[in-house]
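A.B. asks: Let me give you the structure first, and then I'll get to my questions.
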């Protein structure tokens, strides 16, 4: 989506303003890890499932922090939601990402879904459907790095790194070292609908 | 090309020939199949992706495994499946392909999987304008059988490169030997084209009478001596001797064929340690392959059947999953495989 030529300064990636930097992201994840331990009373049966692509990296980081707090390894995996999306027929076919469920499965466990940005809530709706086909967790919770508002479904996050009130014309872009070479959250302006797709 | 969501009708993609697939198309299909193969290990072996879509299996020729494989693939993606076999249908009363196609169109088929004894029937169906849906070639005459070639390539990649390490990779530099009745084999034809696209070096081994005319234009080598080729092969693909097409004297006796071109334990022993034996099935035990080889760990025949479902799920998903197919389109409709494009679009469109 970001490949077109840019003709006004507001459209260029340089105009995107960082709202979270690497230390902020690290602190937010540490706090979320502590909140998970607190709410799950020790996090004995927690399974972290990241939603590709960046949710997976966030889930792995959270798992490391949880292991540091509890002294036990915490199972972590990924949950691809492509096949469960409600907008599949509205756009060209998408490539699939990896679903990787930890060995002991999700039955009877406390599953914490992890994603980078919570927006319409449709991704999470799809994730809940996907999870339902994989087993029956004791409970499902949601951790996101950024909640930007504008929900289209009755879904809310249990753990939020940062609430960033946005307008619909703005874009929120999470960059993580594993994928993008650096940790940051950028707030920018949407390009005018040049692609004709939205 | 401007496309509004849901406004314009789907542009159908088709899978007619392995030659239509670029290297990237083929790797995308294999990667998608690799993810979909994991669905088979789940308690609920079903995805909701093609709910409300109709897939018609249009079989003018006998087939068990291909039809069942396509049926299982479509059902695992929640599509509705209509099986149509020529026997006991109006085709046996003399209905033409066109009228059959128009009937299917009227019933609203989103995809037609066709097997036909005439080479080119799927192409005719796809280009005639009789139907709007996607056409998938499930074997036409002695022409092609692209999904078989894809599942063979998938099996090869899993065995020779590895299931997880193989993601995004092709078969560069692997030496594949295809042995047997190449003349009548649509499997061989599709495999030569696809494996070449994926970077493998293919050698055909067959009696001279069973090598097709024009083979010098194929992207492969030809040999008449199996024993010389075996030690340098990463995989040997045994073709079925098609008794039903043996209407002329292609070789003196079955015993002589079996002695010169059949795979038995001794010959298998001369293959490299890591190499595998493939067979598209159904096998003629004692003819092109002995029971000893067929039942050994190196024979992937059963694995190929399981992989067939994953490959066909991938093909159906990539052709029907979106508003534009991901493979075999001229331009616009390519799926975005580079991870940046993929994740960017996800972050912006749909959180």
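Protein chains in written order, with the working numbering: chain X, 1 to 198; chain E, 199 to 549. Each residue gets a CB set at the ideal place from its N, CA and C atoms; glycine is no exception. These numbers come from a predicted model, not from an experiment.
Assign residue 268/E to one of three DSSP states: helix, strand, or coil.
C.D. replies: Counting from one through the second chain, the residue named residue 268/E turns up at place 70. Here residue 268/E sits in helix by DSSP.
A.B. asks: Do you know how far the Cα of residue 328/E is from the Cα of residue 339/E?
C.D. replies: Position 141 of the second chain, counted from the first residue, corresponds to residue 339/E. Position 130 of the second chain, counted from the first residue, corresponds to residue 328/E. Roughly 21 Å between the two C-alpha positions.
A.B. asks: Listing by chain order, which chain E residues have their CB less than 8 Å from the CB of residue 99/X?
C.D. replies: Counted from its first residue, the first chain places residue 99/X at position 99. Chain E residues near residue 99/X: 233 and 236.
A.B. asks: Taking just the CA atoms, how far does residue 492/E sit from residue 499/E?
C.D. replies: Position 301 of the second chain, counted from the first residue, corresponds to residue 499/E. Position 294 of the second chain, counted from the first residue, corresponds to residue 492/E. Between residue 499/E and residue 492/E, the C-alpha separation is close to 8 Å.
A.B. asks: Just to confirm, is the Cβ distance from residue 90/X to residue 521/E under 8 Å?
C.D. replies: The residue labelled residue 90/X in the question sits at position 90 within the first chain. The residue labelled residue 521/E in the question sits at position 323 within the second chain. In this structure, residue 521/E lies closer than 8 Å to residue 90/X by Cβ.
A.B. asks: Could you name the residues of the same chain whose beta carbon sits closer than 8 Å to that of residue 358/E, not counting the 5 residues immediately before and after it, in chain order?
C.D. replies: Working through the second chain from its first residue, we reach residue 358/E at position 160. Cβ within range, chain order: 369, 372, 432, 433, 472 and 474.
A.B. asks: Would a check of beta-carbon distances place residue 199/X closer than 8 Å to chain E?
C.D. replies: Residue 199/X lies beyond the range of chain X shown here (1 to 198); nothing can be said about it.
A.B. asks: Do residue 436/E and residue 461/E count as a contact pair if the criterion is CB distance below 8 Å?
C.D. replies: Numbered from 1 along the second chain, position 263 holds the residue referred to as residue 461/E. Numbered from 1 along the second chain, position 238 holds the residue referred to as residue 436/E. In this structure, residue 436/E lies closer than 8 Å to residue 461/E by Cβ.
A.B. asks: So what's residue 218/E in DSSP terms, helix, strand or just coil?
C.D. replies: What you label residue 218/E is simply residue 20 of the second chain in a count that begins at 1. Residue state, collapsed to three classes: helix.
A.B. asks: Just verifying my parser: in three-state terms, what is the DSSP assignment at residue 466/E?
C.D. replies: Numbered from its first residue, the second chain carries residue 466/E at position 268. Three-state DSSP puts residue 466/E in a helix.
A.B. asks: Could you check if residue 305/E is buried or exposed, using at least 16 other CB atoms within 10 Å of its CB as the buried criterion?
C.D. replies: Translated into the one-based positions of the second chain, residue 305/E becomes position 107. Exposed is the call here.
A.B. asks: Quick one: is residue 230/E near chain X, going by C-beta distance under 8 Å?
C.D. replies: The residue labelled residue 230/E in the question sits at position 32 within the second chain. It does: the Cβ of residue 230/E has a partner Cβ on chain X nearer than 8 Å.
A.B. asks: Compare the C-beta of residue 57/X with all C-beta atoms of chain E and state if any pair is closer than 8 Å.
C.D. replies: For this step, residue 57/X is matched to residue 57 along the first chain. Not an interface residue.
A.B. asks: Could you pull the start and end residues of the alpha helix (DSSP H) that residue 132/X belongs to?
C.D. replies: Here the question's residue 132/X lines up with position 132 in the first chain. Per DSSP, residue 132/X belongs to the alpha helix (DSSP H) from 122 to 132.
A.B. asks: Just to confirm, are residue 310/E and residue 302/E a CB contact at a threshold of 8 Å?
C.D. replies: Looking up residue 310/E in the second chain gives position 112. Looking up residue 302/E in the second chain gives position 104. Yes. Within cutoff.
A.B. asks: Is there a Cβ from chain X that is less than 8 Å from the Cβ of residue 241/E?
C.D. replies: Indexing the second chain from 1 puts residue 241/E at position 43. With 8 Å as the cut-off, residue 241/E counts as an interface residue toward chain X.
A.B. asks: For a test of the three-state rule: what should DSSP assign to residue 112/X, helix, strand or coil?
C.D. replies: Numbered from its first residue, the first chain carries residue 112/X at position 112. Reduced to three states, the DSSP call for residue 112/X is strand.
A.B. asks: Contact criterion: CB-CB distance below 8 Å. Does residue 95/X meet it with respect to chain E?
C.D. replies: As a position in the first chain, residue 95/X is number 95, starting the count at 1. True, the Cβ-Cβ gap to chain E drops below 8 Å.
A.B. asks: Mind checking whether residue 77/X and residue 101/X have CB atoms under 8 Å apart?
C.D. replies: Translated into the one-based positions of the first chain, residue 77/X becomes position 77. Translated into the one-based positions of the first chain, residue 101/X becomes position 101. Yes. Within cutoff.
A.B. asks: Return helix, strand or coil for residue 278/E, following the three-state DSSP convention.
C.D. replies: As a working mapping, residue 278/E is identified with position 80 in the second chain. If DSSP states are grouped into helix, strand and coil, residue 278/E belongs with the strands.
A.B. asks: From residue 165/X to residue 171/X, what distance separates their C-alpha atoms?
C.D. replies: As a working mapping, residue 165/X is identified with position 165 in the first chain. As a working mapping, residue 171/X is identified with position 171 in the first chain. Whole-angstrom Cα-Cα distance: 11 Å.
A.B. asks: Name the two residues that bound the continuous alpha helix (DSSP H) containing residue 505/E.
C.D. replies: Residue 505/E sits at position 307 when you count from the first residue of the second chain. Counting along the chain, the alpha helix (DSSP H) containing residue 505/E begins and ends at 499 to 518.
A.B. asks: Considering only DSSP beta bridges, list what residue 189/X is partnered with.
C.D. replies: Locating residue 189/X in the first chain gives position 189, where the first residue counts as 1. Paired residues: 170/X.
A.B. asks: Whose CA, out of 260/E, 245/E and 230/E, lies closest to the CA of residue 480/E?
C.D. replies: To locate residue 480/E, count along the second chain from 1; it is residue 282. Ranking 260/E, 245/E and 230/E by Cα distance to residue 480/E puts 260/E first.
A.B. asks: Within the chosen definition, does the stretch 335 to 350 of chain E reach the stretch 376 to 394 of chain E through at least 3 CB pairs nearer than 8 Å?
C.D. replies: With a cut-off of 8 Å, the stretch 376 to 394 of chain E and the stretch 335 to 350 of chain E count as touching, because enough Cβ pairs lie within range.
A.B. asks: Cβ closer than 9 Å: which chain A residues qualify as neighbours of residue 84/X?
C.D. replies: The question asks about chain A, but that chain is absent: this structure's protein chains are X and E.
A.B. asks: Evaluate residue 523/E with the Cβ neighbour count: other Cβ atoms within 10 Å of its Cβ, from every protein chain shown; 16 or more gives buried, anything less gives exposed.
C.D. replies: Translated into the one-based positions of the second chain, residue 523/E becomes position 325. Buried, because 16 or more other Cβ atoms sit within 10 Å of the Cβ of residue 523/E.
A.B. asks: On the DSSP letters alone, give me the boundaries of the alpha helix (DSSP H) that residue 452/E sits inside.
C.D. replies: Within the second chain, residue 452/E is the residue found at index 254, counting from 1. Segment 452 to 459, the alpha helix (DSSP H) holding residue 452/E.
A.B. asks: With DSSP run on the structure shown, which of helix, strand or coil describes residue 394/E?
C.D. replies: Looking up residue 394/E in the second chain gives position 196. The answer is helix: DSSP assigns residue 394/E an H, G or I state.
A.B. asks: Which value, in whole angstroms, describes the spacing of the CA atoms of residue 541/E and residue 406/E?
C.D. replies: Along the second chain, one-based indexing puts residue 541/E at 343. Along the second chain, one-based indexing puts residue 406/E at 208. Because the pLDDT of residue 541/E is 41, which lies under 50, any placement of that residue in the model is unreliable, and the number read from its coordinates should be weighed accordingly. Straight-line Cα distance between these residues: approximately 53 Å.
A.B. asks: Could you say which of 60/X, 47/X, 43/X and 149/X lies nearest to residue 208/X if we only look at CA atoms?
C.D. replies: No answer is possible for residue 208/X: the residues shown for chain X start at 1 and end at 198.
A.B. asks: Helix, strand or coil: how does DSSP classify residue 229/E here?
C.D. replies: Taking the first residue of the second chain as 1, we reach residue 229/E at position 31. It is helical.
A.B. asks: Leaving out five residues before and five after residue 230/E in sequence, what residues of the same chain have Cβ atoms less than 7 Å from its Cβ?
C.D. replies: To locate residue 230/E, count along the second chain from 1; it is residue 32. Same-chain partners within the cutoff: 512, 515 and 516.
A.B. asks: Ignore the nearest five residues each way along the sequence and tell me which others in residue 217/E's own chain have a CB closer than 7 Å to its CB.
C.D. replies: In the second chain, counting from the first residue as 1, residue 217/E sits at position 19. Correct list, in chain order: 391.
A.B. asks: Work out the CA separation of residue 235/E and residue 255/E for me, nearest whole Å.
C.D. replies: Here residue 255/E corresponds to residue number 57 of the second chain, with the count starting at 1. Here residue 235/E corresponds to residue number 37 of the second chain, with the count starting at 1. Rounded to the nearest angstrom, the two C-alpha atoms are 22 Å apart.
A.B. asks: Run down chain E in chain order and give the residues with a C-beta less than 8 Å from the C-beta of residue 88/X.
C.D. replies: Working through the first chain from its first residue, we reach residue 88/X at position 88. What residue 88/X touches in chain E: 247, 519 and 520.
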